[in-house]
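A quick write-up on the structure given underneath.
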Amino acid sequence: MALRNLRRLQQLNIAYFKQYSSVSKLVSLTVDDKTGVSVLSLQRPPVNSLNLELLSDIHNALTEAEKNKSRGVILTSQKDGVFSAGLDIMEMYKPDQDRIKTFWTTLQDCWIKLYGCLYPTVAVINGHSPAGGCLLAMSCEYRIMQTNYTIGLNETLLGIVAPPWFISTMKNLIGHRESELALTQGKLFTSDEALKIGLVDEIMHSKDEGIKKANAFMAKFAKISPITRSLTKQSVRGPTIQDMIKNRQADLEHFLQFTNNPQVQQSLGMYLEMLKKKGGK
Amino acid sequence: MALRNLRRLQQLNIAYFKQYSSVSKLVSLTVDDKTGVSVLSLQRPPVNSLNLELLSDIHNALTEAEKNKSRGVILTSQKDGVFSAGLDIMEMYKPDQDRIKTFWTTLQDCWIKLYGCLYPTVAVINGHSPAGGCLLAMSCEYRIMQTNYTIGLNETLLGIVAPPWFISTMKNLIGHRESELALTQGKLFTSDEALKIGLVDEIMHSKDEGIKKANAFMAKFAKISPITRSLTKQSVRGPTIQDMIKNRQADLEHFLQFTNNPQVQQSLGMYLEMLKKKGGK
Amino acid sequence: MALRNLRRLQQLNIAYFKQYSSVSKLVSLTVDDKTGVSVLSLQRPPVNSLNLELLSDIHNALTEAEKNKSRGVILTSQKDGVFSAGLDIMEMYKPDQDRIKTFWTTLQDCWIKLYGCLYPTVAVINGHSPAGGCLLAMSCEYRIMQTNYTIGLNETLLGIVAPPWFISTMKNLIGHRESELALTQGKLFTSDEALKIGLVDEIMHSKDEGIKKANAFMAKFAKISPITRSLTKQSVRGPTIQDMIKNRQADLEHFLQFTNNPQVQQSLGMYLEMLKKKGGK
Numbered sequence: 001m002a003l004r005n006l007r008r009l010q011q012l013n014i015a016y017f018k019q020y021s022s023v024s025k026l027v028s029l030t031v032d033d034k035t036g037v038s039v040l041s042l043q044r045p046p047v048n049s050l051n052l053e054l055l056s057d058i059h060n061a062l063t064e065a066e067k068n069k070s071r072g073v074i075l076t077s078q079k080d081g082v083f084s085a086g087l088d089i090m091e092m093y094k095p096d097q098d099r100i101k102t103f104w105t106t107l108q109d110c111w112i113k114l115y116g117c118l119y120p121t122v123a124v125i126n127g128h129s130p131a132g133g134c135l136l137a138m139s140c141e142y143r144i145m146q147t148n149y150t151i152g153l154n155e156t157l158l159g160i161v162a163p164p165w166f167i168s169t170m171k172n173l174i175g176h177r178e179s180e181l182a183l184t185q186g187k188l189f190t191s192d193e194a195l196k197i198g199l200v201d202e203i204m205h206s207k208d209e210g211i212k213k214a215n216a217f218m219a220k221f222a223k224i225s226p227i228t229r230s231l232t233k234q235s236v237r238g239p240t241i242q243d244m245i246k247n248r249q250a251d252l253e254h255f256l257q258f259t260n261n262p263q264v265q266q267s268l269g270m271y272l273e274m275l276k277k278k279g280g281k
Numbered sequence: 282m283a284l285r286n287l288r289r290l291q292q293l294n295i296a297y298f299k300q301y302s303s304v305s306k307l308v309s310l311t312v313d314d315k316t317g318v319s320v321l322s323l324q325r326p327p328v329n330s331l332n333l334e335l336l337s338d339i340h341n342a343l344t345e346a347e348k349n350k351s352r353g354v355i356l357t358s359q360k361d362g363v364f365s366a367g368l369d370i371m372e373m374y375k376p377d378q379d380r381i382k383t384f385w386t387t388l389q390d391c392w393i394k395l396y397g398c399l400y401p402t403v404a405v406i407n408g409h410s411p412a413g414g415c416l417l418a419m420s421c422e423y424r425i426m427q428t429n430y431t432i433g434l435n436e437t438l439l440g441i442v443a444p445p446w447f448i449s450t451m452k453n454l455i456g457h458r459e460s461e462l463a464l465t466q467g468k469l470f471t472s473d474e475a476l477k478i479g480l481v482d483e484i485m486h487s488k489d490e491g492i493k494k495a496n497a498f499m500a501k502f503a504k505i506s507p508i509t510r511s512l513t514k515q516s517v518r519g520p521t522i523q524d525m526i527k528n529r530q531a532d533l534e535h536f537l538q539f540t541n542n543p544q545v546q547q548s549l550g551m552y553l554e555m556l557k558k559k560g561g562k
Numbered sequence: 563m564a565l566r567n568l569r570r571l572q573q574l575n576i577a578y579f580k581q582y583s584s585v586s587k588l589v590s591l592t593v594d595d596k597t598g599v600s601v602l603s604l605q606r607p608p609v610n611s612l613n614l615e616l617l618s619d620i621h622n623a624l625t626e627a628e629k630n631k632s633r634g635v636i637l638t639s640q641k642d643g644v645f646s647a648g649l650d651i652m653e654m655y656k657p658d659q660d661r662i663k664t665f666w667t668t669l670q671d672c673w674i675k676l677y678g679c680l681y682p683t684v685a686v687i688n689g690h691s692p693a694g695g696c697l698l699a700m701s702c703e704y705r706i707m708q709t710n711y712t713i714g715l716n717e718t719l720l721g722i723v724a725p726p727w728f729i730s731t732m733k734n735l736i737g738h739r740e741s742e743l744a745l746t747q748g749k750l751f752t753s754d755e756a757l758k759i760g761l762v763d764e765i766m767h768s769k770d771e772g773i774k775k776a777n778a779f780m781a782k783f784a785k786i787s788p789i790t791r792s793l794t795k796q797s798v799r800g801p802t803i804q805d806m807i808k809n810r811q812a813d814l815e816h817f818l819q820f821t822n823n824p825q826v827q828q829s830l831g832m833y834l835e836m837l838k839k840k841g842g843k
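Line order of the protein sequences matches chains A, B and C. If you're matching positions, the first sequence starts at 1 in our numbering and goes up one per residue. If you're matching positions, the second sequence starts at 282 in our numbering and goes up one per residue. If you're matching positions, the third sequence starts at 563 in our numbering and goes up one per residue.
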């Protein structure tokens with residue numbers, strides 16, 4: 001039965017990737033003909049919650065940017081205010097068991113792709129960026145963040161334990177000490193706080209300014225062989241990625257065990273009820 | 282014979298833990314009914330040297346704090362002036378072979394417990410904190426240190442090589458570079474120097490002020506599920522602890538080989554003679 | 563055949579080490595009788611390119627300093643202007659297959675020796691220090707750099723991927739984040755920039771001033787047992803060295819595959835042609 005499930009999962013996987021093999025309405029990918037740099041915009045209103053379809057689309061857009069030989073990719077939100085609110089809780093609440101497996105493996109694939117992708121990547125963070133949104137931003141090579149928003153792996157605050165590869169991504173960026181403090185508190189940093197500890201690299205006052213700064217970062221690689229650059233990046237980030245790949249099955253099982261826990265389901269239900277009352281999604 | 286020794290060691294272990302299964306006169310554990318936070322005070326005059334009994338008592342008090350559901354533990358010295366002078370040299374000088382094994386495994390157990398314990402921990406360092414004292418402080422999650430005292434892993438200065446897990450604990454806190462500089466020099470940092478490199482987090486001018494600051498740190502977890510928090514902490518610190526556990530037998534043997542070296546015994550003898558002449562313990 | 567090649571390589575290795583078993587004209591090793599500290603000067607004009615002979619000589623001089631019981635070694639360039647230009651490209655261009663193997667294993671040996679050597683080491687960087695020159699400097703325990711020169715692992719800029727142990731050496735010094743930024747850009751830092759991120763520890767305005775500062779660093783170990791110090795250093799740096807030793811055969815094969823690639827040979831040819839036209843070596 002395990003084998004049959006696996007096959008069904010694979011078929012499902014293939015189906016999803018076929019379905020979203022071209023860039024879809026949940027993201028847009030626009031190449032700047034002058035610079036050769038692509039802008040990948042998240043556009044799943046209202047808050048770019050990362051559901052299966054959005055994650056697939058990000059994955060496919062990152063692949064598309066390889067194929068169209070983009071010189072780099074700028075990841076941003078189509079709409080100011082929220083970069084991404086993180087994983088879509090609807091994927092975890094009373095989930096279909098096949099879909100939730102595909103959801104998590106797609107998140108894993110998306111991170112592997114983004115964290116290891118060949119071209120330079122910059123996050124232009126034009127809004128709040130908690131949890132999974134922070135993971136996406138941290139997985140880029142450079143971060144420019146708009147003032148008056150917050151960023152952080154605040155999973156703890158939501159009763160969720162950030163997976164080990166979320167933690168490794170943060171440790172690589174801000175070190176062991178700051179990661180422990182941030183993660184145990186589920187801390188959301190203001191842009192200034194984030195700048196101070198190196199969670200972001202620059203501050204912007206508008207998305208336009210951010211895109212300009214992102215292009216200035218990309219320009220630093222103008223005289224560098226893209227192949228050499230990407231092999232060097234893989235050599236720096238490789239151990240973290242290999243470690244995740246080695247443990248990805250256990251990571252999936254851990255996630256399924258967590259979400260299928262009745263108490264967790266009850267908490268998610270109450271949380272969603274509260275969101276509804278607030279008038280949000 | 283090895284087996285017989287092992288059994289004897291285990292019996293000894295059990296005996297010690299029974300003997301100190303309740304919190305003893307070498308430490309006190311006081312719960313603040315208003316905050317739910319416990320204060321664990323070291324009170325082995327004159328300098329809180331870490332002998333087998335004190336280490337057992339710390340271990341037991343940390344377990345007791347789990348049982349009484351403390352919201353956190355503040356580790357401090359009952360008397361201003363010395364937080365802890367580190368390992369008691371008397372445990373290493375002409376040692377009984379059974380006792381010295383229990384001594385070292387109890388130190389290992391104590392670190393495993395403190396470094397991985399479920400509730401938040403803060404060291405209120407109201408005096409000097411060299412060697413093993415520094416290890417205890419570094420193993421907490423947050424450090425507040427009184428001005429005009431010193432802290433550091435100064436083992437090198439005493440002719441001792443800090444064990445790998447002392448080194449890992451320091452690397453996790455202040456990084457590889459600063460750890461190498463500190464360890465090769467056996468450097469003792471003033472509180473201001475320690476603050477600058479992140480070896481401590483805050484400065485205090487009195488123990489009362491330190492306790493207040495420690496409680497302010499604890500309060501940051503007020504809205505966080507203790508289970509989620511502790512699993513997150515374990516995920517961050519887990520690899521370091523697992524690495525130590527994997528190597529603890531080799532670590533014990535290494536320590537025994539070192540202390541049973543005749544030259545080391547001679548040095549310890551001269552050192553103790555010098556201390557006696559000085560009028561200290 | 564593989565075995566025959568290995569034997570030939572070993573014989574060649576032995577021959578080389580015999581040939582340079584005493585300190586040669588490519589380096590000088592001078593012990594200061596007052597301080598007991600040796601100065602190891604690189605003197606292969608014009609730019610101390612690291613060819614097989616220079617690397618062997620450095621290796622032998624480091625061994626010689628052990629034998630003559632130097633209290634420490636200061637690594638510097640005999641002539642101001644260039645500390646070392648890095649690996650000699652002539653070793654990689656149309657190479658003899660036996661020699662290039664010996665070249666790379668000698669570089670590996672030289673790093674293992676320098677990174678793990680028992681006495682304290684200081685680089686007095688009295689000139690530019692790119693690529694392999696930066697590796698040598700980073701492998702010392704302390705770095706003092708003259709103003710108006712540059713330092714960095716700029717391999718990427720030259721179309722070369724820095725080997726994993728170059729990257730580990732840098733990560734240990736300046737952390738994961740700064741290393742990634744520096745390596746993907748092939749960045750050369752001014753002395754002030756290098757000071758800011760911790761790639762060097764102090765600035766000097768002349769070699770004399772640098773030697774004085776280096777001796778001041780050495781003096782910090784005056785009261786420390788050399789054996790304890792060296793065991794502590796090995797405990798801090800050991801994991802990085804062991805990791806390299808475990809992978810050194812794969813590292814050699816990777817280097818040979820890279821240099822024997824026809825496109826790489828063509829690039830090296832064009833680069834050397836350009837250097838000739840410039841009038842440099």
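No residue lacks a Cβ here, since even glycine has one placed at the ideal position from N, Cα and C. A quick note: this is a predicted structure, and the numbers were derived from the prediction, not measured.
* Asked: Does the stretch 436-445 of chain B come close enough to the stretch 392-403 of chain B to have 3 or more Cβ pairs within less than 8 Å?
  -> Fewer than three Cβ pairs drawn from the stretch 436-445 of chain B and the stretch 392-403 of chain B lie within less than 8 Å of each other, which leaves the two stretches out of contact.
* To do: Could you please give me the residues that DSSP links to residue 323 (chain B) through a beta bridge?
  => Bridge partners of residue 323 (chain B): B:308 and B:358.
* **CA-to-CA distance, residue 780 (chain C) to residue 424 (chain B), given in whole angstroms** => Those two C-alpha atoms are separated by around 31 Å.
* **Contacting residues, own chain, Cβ-Cβ under 7 Å from residue 775 (chain C) (five flanking each side not counted)** => 706, 764 and 766.
* Report yes or no: is there a C-beta of chain C within less than 8 Å of the C-beta of residue 221 (chain A)? => Put simply, the CB of residue 221 (chain A) is near chain C, with a gap under 8 Å to one of its CB atoms.
* Backbone secondary structure at residue 112 (chain A) - three-state DSSP -> Helix.
* To do: Please report how far the alpha carbon of residue 454 (chain B) lies from the alpha carbon of residue 731 (chain C), in whole angstroms.
  => Across the structure, residue 454 (chain B) and residue 731 (chain C) are spaced so that their CA atoms are roughly 19 Å apart.
* Which term fits residue 460 (chain B), buried or exposed, when burial requires 16 or more other beta carbons within 10 angstroms of its beta carbon? -> That one is buried.
* residue 632 (chain C) and residue 604 (chain C): beta carbons closer than 8 Å? -> If you check the CB distance, residue 632 (chain C) and residue 604 (chain C) do not come in under 8 Å.
* Going along the stretch 795-808 of chain C in order, which residues come within less than 8 Å of chain B, judged by CB to CB distance? -> Residues passing the 8 Å Cβ filter: 795, 797, 798 and 799.
* Asked: Exposed or buried, which one is residue 378 (chain B) when buried takes at least 16 other CB atoms within 10 Å?
  -> Per the 10 Å Cβ criterion, exposed.
* Return helix, strand or coil for residue 714 (chain C), following the three-state DSSP convention. => Residue 714 (chain C): strand per DSSP, three-state reduction.
* To do: Assign residue 258 (chain A) to one of two classes, buried (16 or more other C-beta atoms within 10 Å of its C-beta) or exposed (fewer than that).
  => With fewer than 16 Cβ atoms within 10 Å of its Cβ, residue 258 (chain A) is classed as exposed.
* To do: May I ask which residues mark the beginning and end of the beta strand (DSSP E) holding residue 70 (chain A)?
  => Counting along the chain, residue 70 (chain A) falls outside any beta strand (DSSP E), and DSSP gives it neither H nor E.
* Asked: residue 186 (chain A) versus chain B: which residues are under 7 Å apart at the beta carbon?
  -> For a Cβ distance threshold of 7 Å, residue set 505 of chain B lies close to residue 186 (chain A), ordered along the chain.
* Asked: Between which two residues does the alpha helix (DSSP H) carrying residue 411 (chain B) extend?
  -> Not the alpha helix (DSSP H): residue 411 (chain B) falls in the beta strand (DSSP E), residues 408-411.
* Near the ligand FAD: residue 778 (chain C) beta-carbon under 7 Å from a heavy atom -> With respect to the ligand FAD, the structure shown offers nothing to examine, as it has no ligands at all.
* To do: Can you check the stretch 711-797 of chain C for any beta strand (DSSP E) of at least 3 residues that lies completely inside it and give the ranges in chain order?
  => List check, beta strand (DSSP E) in window: 712-714 and 764-766.
* **Whole-angstrom distance between residue 799 (chain C) and residue 518 (chain B), CA atom to CA atom** => Each residue's Cα considered, the two are about 21 Å apart.
* Limits of the beta strand (DSSP E) - the one that residue 707 (chain C) falls within -> Residues 704-708.
* **Any C-beta of chain B under 8 Å from that of residue 739 (chain C)** => Taking Cβ atoms only, chain B never reaches closer than 8 Å to residue 739 (chain C), which makes this a no.
* Asked: Of the residues A:112, A:72 and A:244, which one's Cα is nearest the Cα of residue 222 (chain A)?
  -> That would be A:72, whose Cα lies nearest to the Cα of residue 222 (chain A).
* For residue 366 (chain B), does the three-state DSSP call read helix, strand or coil? -> Looking at residue 366 (chain B) - three-state DSSP - the assignment turns out to be coil, as it is neither helix nor strand.
* To do: Identify the contact partners of residue 437 (chain B) in chain C, using a Cβ-Cβ distance below 8 Å as the criterion.
  => Chain C residues near residue 437 (chain B): 786, 787, 790, 791 and 794.
* Same chain, Cβ closer than 6 Å to residue 146 (chain A), neighbours up to 5 away in sequence not counted -> These residues qualify, in order along the chain: 126 and 204.
* Asked: Is the stretch 360-379 of chain B close to the stretch 324-334 of chain B, with three or more CB pairs under 8 Å?
  -> Contact holds between the stretch 360-379 of chain B and the stretch 324-334 of chain B, because three or more Cβ pairs, one in each stretch, are under 8 Å apart.
* Asked: So, is the C-beta of residue 812 (chain C) closer than 8 Å to a C-beta in chain A?
  -> No - not a single Cβ of chain A is within 8 Å of the one on residue 812 (chain C).
* Would you say residue 156 (chain A) and residue 513 (chain B) are within 8 Å of each other, going by their C-beta atoms? -> For the pair residue 156 (chain A) and residue 513 (chain B), the CB atoms are nearer than the 8 Å cut-off.
* **7 Å CB neighbourhood of residue 95 (chain A) in its chain, flanking five on each side removed** => The beta carbon of residue 95 (chain A) sits closer than 7 Å to the beta carbons of 259 from its chain, once the five residues preceding and following it are set aside; these are given in chain order.
* To do: Compute the Euclidean distance between the alpha carbons of residue 626 (chain C) and residue 385 (chain B), then round it to the nearest angstrom.
  => Going by the C-alpha atoms only, they are around 39 Å apart.
* **Proximity of residue 355 (chain B) and residue 312 (chain B) at Cβ, strictly below 8 Å** => No, Cβ-Cβ distance for residue 355 (chain B) and residue 312 (chain B) is not below 8 Å.
* Asked: Is the shortest distance between the beta-carbon of residue 703 (chain C) and the beta-carbons of chain B less than 8 Å?
  -> By this cut-off, residue 703 (chain C) is an interface position.
* To do: Give every residue of the same chain whose Cβ lies closer than 8 Å to the Cβ of residue 374 (chain B), excluding the five residues on either side of it in the sequence, and list them in chain order.
  => Excluding sequence neighbours, residue 374 (chain B) sits near 546, 549, 550 and 553.
* Extent of the continuous alpha helix (DSSP H) to which residue 253 (chain A) belongs -> Secondary structure note for residue 253 (chain A): its alpha helix (DSSP H) is the uninterrupted segment 248-259.
* DSSP three-state assignment for residue 520 (chain B), whether helix, strand or coil -> Here residue 520 (chain B) carries a helix assignment [DSSP, helix/strand/coil].
* **CA-to-CA distance, residue 792 (chain C) to residue 465 (chain B), given in whole angstroms** => In a straight line, the C-alpha of residue 465 (chain B) is about 8 Å away from that of residue 792 (chain C).
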